[in-house]
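Q: Have a look at this one before I ask anything.
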């Protein structure tokens, strides 16, 4: 404590090669015994500036270096973040090839991988698996530069290439990236080394490197399902992804549901109906190297933003978008929440159908409803009505009535997990458009679904479908099905 620093807990980026003797050296310093300090890099950082007294003739020592020479007896070895590793590779190079090249090159030049601050390359390689695998193996960030930043290093390159310039817009990827990352006053200590499909180079910085201030990371887009609304219905993965995000994009109403989690992030709000604009904005931000969260209520892959993101990636022809790391974070869907609130209506085969005709022709919607009716599926209707579309729900009801009983239970669930939540049960025959709005999920049972009243409790469930093998007492029989006509 009296030292003002902890030798076994170095600052971020520093690596301790032999932690096991840190206590011995610390004890010697606390006892005011002689300890030597040997610094073999331009900047010794926290140790040279700590105000401690060191002695060249001591038996115990601290060494700061980027070299791979093993520590001597009684020597505590620190590797500071002073090396910038620039890499390049052909598309889909095997990670093992790039890692083998780097390992061999470092060993040949007696440099330690523990002194590498970051792996860096041109932004065209920001989605290259080999680059990220190498960074993960070394335990450092992967950072990227555009061609303009790398071309600024052209006068300092040892192996400039006109071929590389024609392909990438800069005369050297690995050397340029290493020098750009190492910064002003740096030295190219290892010029370009090559394997069959990969290259690497190493630069020694004049001062300590902060990897997170170098270039830009690969952009990340998490398409997140935040669930119906209640925080305790949000998955830990969704909450963690929201907390990590630099920017959050979404429909303005959704921000009310995640207000606390997104309070410190940059918010980008859009009104209802601007779904494509939302997705494009999220991809643009991620392409600039940001960590972006695009939020949807319920599950992001069910009538939500995930499919639109992949559609834009498929047809957008944007190279910067295609390099973004995209993940989809699942959430509790409205149909799951509605089912849980009322019992187990999804106990057997079910399907979901959106009644919105903005993107789907009405005849296609009707065809899907008929197929669900003929197959005796439990049906979850999303977007049952809108201000100007009131008839499709009742048309769907009439189709279903040809194939299942009039008293089939129907669950109407509104504002699930939010203030003003309502869950009601009616029958298929009594279902009307006036009972629903755009915030309502309509869940229609199949021909076996039953509603059960027990005291104050009302349950709706669909039997598991084992028929006569394990039919419980009182289970509904198949003859409930309404005949056509």
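In our numbering, the protein residues as written are 20 to 504. From the three backbone atoms N, C-alpha and C, an ideal C-beta is built for every residue, glycine too.
#1: Could you give the distance in angstroms between the alpha-carbon of residue 501 and the alpha-carbon of residue 397?
#2: How far does the beta strand (DSSP E) with residue 98 in it reach, from first residue to last?
#3: Under three-state DSSP, which class holds residue 504?
#4: Could you pull out every residue in the same chain whose Cβ sits closer than 6 Å to the Cβ of residue 237, ignoring the five residues on either side in sequence?
#5: When you compare only the Cα positions, how much space is there between residue 24 and residue 31?
#6: Give the single residue among 126, 221 and 188 whose Cα lies nearest to the Cα of residue 196.
#7: Can you check the region 433-484 for any beta strand (DSSP E) of at least 3 residues that lies completely inside it and give the ranges in chain order?
#8: What does DSSP give as the partner residue(s) for residue 344 in the beta ladder?
#9: If residue 366 sits next to residue 481, beta carbons under 8 Å apart, how far is it from one beta carbon to the other, in whole angstroms?
#10: Among residues of its own chain, excluding the 5 on either side of residue 294, which ones have a beta-carbon nearer than 8 Å to its beta-carbon?
#11: Measuring alpha carbon to alpha carbon, tell me which residue in 217, 262, 22 and 417 is nearest residue 393.
#12: Given residue 37, which residues of its chain have a CB within under 7 Å of its CB, disregarding the five upstream and five downstream residues?
#13: Does the structure place the region 106-114 close enough to the region 142-161 that three or more beta carbon pairs sit under 8 Å?
#14: With DSSP as the reference, label residue 338 as helix, strand or coil.
#15: Helix, strand or coil: how does DSSP classify residue 111 here?
#16: Please confirm if the region 307-320 is in contact with the region 256-275, defined as three or more CB-CB distances below 8 Å between the two stretches.
#17: Would residue 240 and residue 356 be called neighbours here (beta carbons separated by less than 8 Å)?
#18: Entirely within the region 180-235 and at least 3 residues each: give me those beta strand (DSSP E) ranges in chain order.
#19: Tell me, which residues are paired with residue 152 by DSSP?
#20: Between the region 122-137 and the region 222-234, are three or more C-beta pairs nearer than 8 Å?
#21: Checking the sheet assignment: what are the DSSP bridge partners for residue 81?
#22: Give me whichever residues DSSP pairs with residue 164 in a beta bridge.
#23: Over the uninterrupted beta strand (DSSP E) stretch that includes residue 321, give me the two end residues.
#24: Taking the Cβ atom as the reference point for each residue, do residue 112 and residue 149 lie within a distance shorter than 8 Å?
A: Considering the structure as presented:
#1: Position 482 of the chain shown holds residue 501. Position 378 of the chain shown holds residue 397. The predicted position of residue 501 is uncertain, since its pLDDT is 33 and thus under 50; a value taken from the coordinates is nonetheless stated next. Straight-line Cα distance between these residues: approximately 15 Å.
#2: Residue 98 sits at position 79 when you count from the first residue of the chain shown. Here the beta strand (DSSP E) through residue 98 covers 94-98.
#3: Here residue 504 refers to the residue found at position 485 of the chain shown. Note that residue 504 has pLDDT 29, beneath the 50 cutoff, so the model's placement of it is unreliable and the number below is only indicative. In the structure shown, residue 504 sits in coil (DSSP, three-state: anything other than H, G, I, E or B).
#4: Position 218 of the chain shown, counting from 1, holds the residue named residue 237. Contacts found: 145 and 344.
#5: Reading the chain shown from its first residue, position 5 is the one you call residue 24. Reading the chain shown from its first residue, position 12 is the one you call residue 31. Whole-angstrom Cα-Cα distance: 13 Å.
#6: As a first step, residue 196 must be located in the chain shown, where it is residue number 177. Ranking 126, 221 and 188 by Cα distance to residue 196 puts 221 first.
#7: 441-446, 459-463, 469-473 and 476-480
#8: The sequence position of residue 344 within the chain shown is 325, counting from 1. In the DSSP output, where bridge partners are listed per residue, residue 344 has 239.
#9: The sequence position of residue 366 within the chain shown is 347, counting from 1. The sequence position of residue 481 within the chain shown is 462, counting from 1. 4 Å between Cβ atoms; contact.
#10: In the chain shown, the residue the question calls residue 294 occupies position 275. Excluding positions up to five away in sequence, the list reads 324 and 327.
#11: One-based indexing of the chain shown puts residue 393 at position 374. Residue 417 is the option with its Cα nearest to residue 393.
#12: What you label residue 37 is simply residue 18 of the chain shown in a count that begins at 1. Excluding residues within five positions, the ones whose Cβ falls inside 7 Å are 90, 95 and 96.
#13: yes
#14: Locating residue 338 in the chain shown gives position 319, where the first residue counts as 1. Reduced to three states, the DSSP call for residue 338 is helix.
#15: In the chain shown, the residue the question calls residue 111 occupies position 92. Three-state DSSP puts residue 111 in coil, outside helix and strand.
#16: yes
#17: Taking the first residue of the chain shown as 1, we reach residue 240 at position 221. Taking the first residue of the chain shown as 1, we reach residue 356 at position 337. Not in contact: residue 240 and residue 356 (Cβ atoms no closer than 8 Å).
#18: 206-213 and 217-223
#19: What you label residue 152 is simply residue 133 of the chain shown in a count that begins at 1. Its beta-bridge partners do not exist; DSSP assigns none.
#20: yes
#21: Here residue 81 is taken as the residue at index 62 of the chain shown, counted from 1. 56 and 95, per the DSSP bridge assignment.
#22: Residue mapping note: residue 164 aligns to position 145 of the chain shown, counting from 1. Bridge partners of residue 164: 141.
#23: Position 302 of the chain shown, counted from the first residue, corresponds to residue 321. Residue 321 -> no beta strand (DSSP E), and no H or E assigned at all.
#24: Taking the chain shown and counting its residues from 1, the one referred to as residue 112 is at position 93. Taking the chain shown and counting its residues from 1, the one referred to as residue 149 is at position 130. Result yes, Cβ atoms of residue 112 and residue 149 sit closer than 8 Å.
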